[in-house]
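These notes are about the structure you will find just below.
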Amino acid sequence: MEPAERIGRFTESVIREQTRIAHLFGAINLAQGFPDFDPPRDLVQALEQVLQKGGSHQYANTWGAPEFRVALAEKLTRTSGRSVDPDRELTVTCGSTEAMIASLMAILNPGDRVAVFSPFYENYNADGILSGAQAVHIRLHAPTWNFDRSELREAFAEKGCKAIVICNPSNPCGKVFTREELMEIGQVLEEFDAVAVTDEVYEHIIYDKNRHTHMAALPGMSERVITCSSLSKTYSITGWRLGYVWAAPKWTNAIRKVHDFLTVGAAHPLQMAAVVGLRSEPSYYERLAADYQRKRDAFCLHLDRAGLAYLLPQGAYFLLADISHTQMGDVEFCQFLAQEIGVAAVPGSSFFEYPVTHLVRFHFSRKDETLREAGQRLERLGERI
Ligand code: GLN
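So for the sequence shown, my numbering puts the first residue at -3; every next one is plus one.
Written out as C-alpha cells, the structure is:
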C-alpha cells in the first residue's frame, strides 16, 4: 500500500522548509513571511478576558461565532462599499489557507481547469491538486507584473478554465491589481460564466499611491467573486489561524459544507478576542501600512548596498531580488545565504511554473532591529561571492 497518487504530485512547502534551514543555521528568517513582533496590546488583553470569562471554550457555530461575523461584516461593508450579510455570506476558517482550499473544493470538479497567475503563492498548486483540478498559468510579466489580455482570455476560451485564483496584493511579487485590471478580468468571467477566488490577506499592506480594490464589490461581481482573507497579517496574529470566506449565499452554502467536514471551525476564544481587532479605527490600518512602508524602504536601502537588484513591491511584505550576478542557482544561493551570511530567503523557483532560477524572495515583516541586522549581514555578501 502506498500513499495516494495525488500526494506525489506536490512537494512539501518550500517556504516552511527554508524556516527549518534558518533554524538549523541560526539564520534570520526572511523566508517564511510572518511577523516577529507581537499583536496590538488590546487584542492580547481581550484574549485574556475572554479566557477568564468563559463561555467560549467549546465549539463555536461552525460558520463562525456570530459576534465575529457581525464585526467582520461591518468592517467589510465599510472597506468594500458592498453590504455584507453576516449570516448568509461569511464563513470563518482556520486561516486563509483553509478558506482557499475549502472554496476550491466547493466549486471545482475533478478534471476542471483553474487559472492561476504566475508567480504564485505555493499553496495554490497543492490546492488545485487536492481539489482534483488542473492549473493553467497566466504569466505576470516583470517589471510591471502586467498580464497579457489575450493569455487571460485564452485560459477560458481555449483551455476551458472554470475559475481563476487572484492573489491581491500578490505574494510573492507585490503586485496590486488595479480596479481596471479587475474589471477586465470580471468581463472575461462573465463571458465564460466563470468565477474568481481571491486571496486578499495583504489587503491592508499597500504602499505609495496604490489602492486595494475588493473585486467582489465591483459592479456585477457579487456572484462571481469568492473572497478569501484572514486576520493573520492585518493584526499580526498568524498563529491564531483566523481566516474567512466572503461569498454570495450560493457559494457560501457549498463552502460551509466543505469547511464543516474539514475543520468544524476556527478556535472559538480567538474569534471572540479578535472582534476587538475587527472594530479597529481606520487609523490603525493607516499606521500598519505606514509601518510596513518604512520597513520596506529601510530594507531596500540595505539591498542597494548589498548590490542586489529588486523590484519594489506595491503591496504585501515580500520582494523578489535578482541573484544572476552571483553565478549561483536560487536553491544553492539560499543554502549559502543561510549558512554563510546568516539570512534565510526562499528560492524564487517555487513561485513559478517555468524555469526561473535567478530570483529569491525576502520578506520584511520583522522588527526594525531584526531587519537592520539582516540588512547588515546582507551587505557583507559582496565580500563573499
Ligand atoms: N504566506 C506566508 C509566506 O508566504 C506564510 C506561509 C505559511 O507558512 N503559511 O511566507
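C-beta: ideal position from N, C-alpha, C; glycine also.
Helix, strand or coil at residue i [DSSP, three-state]
{"i": "W141", "result": "coil"}
{"i": "D195", "result": "strand"}
{"i": "H298", "result": "helix"}
{"i": "V352", "result": "coil"}
{"i": "K246", "result": "helix"}
{"i": "V161", "result": "strand"}
{"i": "P278", "result": "helix"}
Cα-Cα separation, residue i to residue j
{"i": "R5", "j": "Y120", "result": "13 Å"}
{"i": "A23", "j": "F358", "result": "13 Å"}
{"i": "A213", "j": "A370", "result": "40 Å"}
{"i": "V271", "j": "H53", "result": "16 Å"}
{"i": "L104", "j": "L374", "result": "44 Å"}
{"i": "F173", "j": "P265", "result": "35 Å"}
{"i": "E147", "j": "P106", "result": "23 Å"}
{"i": "V112", "j": "G50", "result": "43 Å"}
{"i": "Y117", "j": "V197", "result": "12 Å"}
{"i": "D300", "j": "S127", "result": "42 Å"}
{"i": "H208", "j": "A269", "result": "26 Å"}
{"i": "Q323", "j": "L377", "result": "13 Å"}
{"i": "A263", "j": "W236", "result": "8 Å"}
{"i": "A0", "j": "G303", "result": "46 Å"}
CB-CB length for residue i against residue j, believed under 8 Å
{"i": "G182", "j": "M211", "result": "7 Å"}
{"i": "S226", "j": "V10", "result": "Going by Cβ atoms, the distance from S226 to V10 rounds to 21 Å, so no, they are not a contact pair."}
{"i": "I337", "j": "R380", "result": "7 Å"}
{"i": "E397", "j": "S114", "result": "Examination of residue 397 is not possible in this model, given that the chain is present from -3 through 381 alone."}
{"i": "Y231", "j": "P62", "result": "Going by Cβ atoms, the distance from Y231 to P62 rounds to 20 Å, so no, they are not a contact pair."}
Outcome for residue i when other beta-carbon atoms lying within 10 angstroms are tallied against a minimum of 16
{"i": "R64", "result": "At residue 64 the sequence reads Phe, which differs from the Arg that was named. Classification for F64: buried."}
{"i": "S79", "result": "exposed"}
{"i": "A151", "result": "buried"}
{"i": "A286", "result": "exposed"}
{"i": "I3", "result": "exposed"}
{"i": "K291", "result": "buried"}
{"i": "K229", "result": "buried"}
{"i": "M(-3)", "result": "exposed"}
{"i": "N164", "result": "buried"}
{"i": "L20", "result": "exposed"}
{"i": "Y313", "result": "buried"}
Proximity test, Cβ basis, 8 Å: residue i and chain B
{"i": "L86", "result": "Going by chain labels, chain B is absent from the structure shown, which holds only one protein chain."}
Any non-hydrogen atom of the ligand SAH within 7 Å of residue i CB
{"i": "N167", "result": "Ligands in the displayed structure: the ligand GLN; the ligand SAH is not one of them."}
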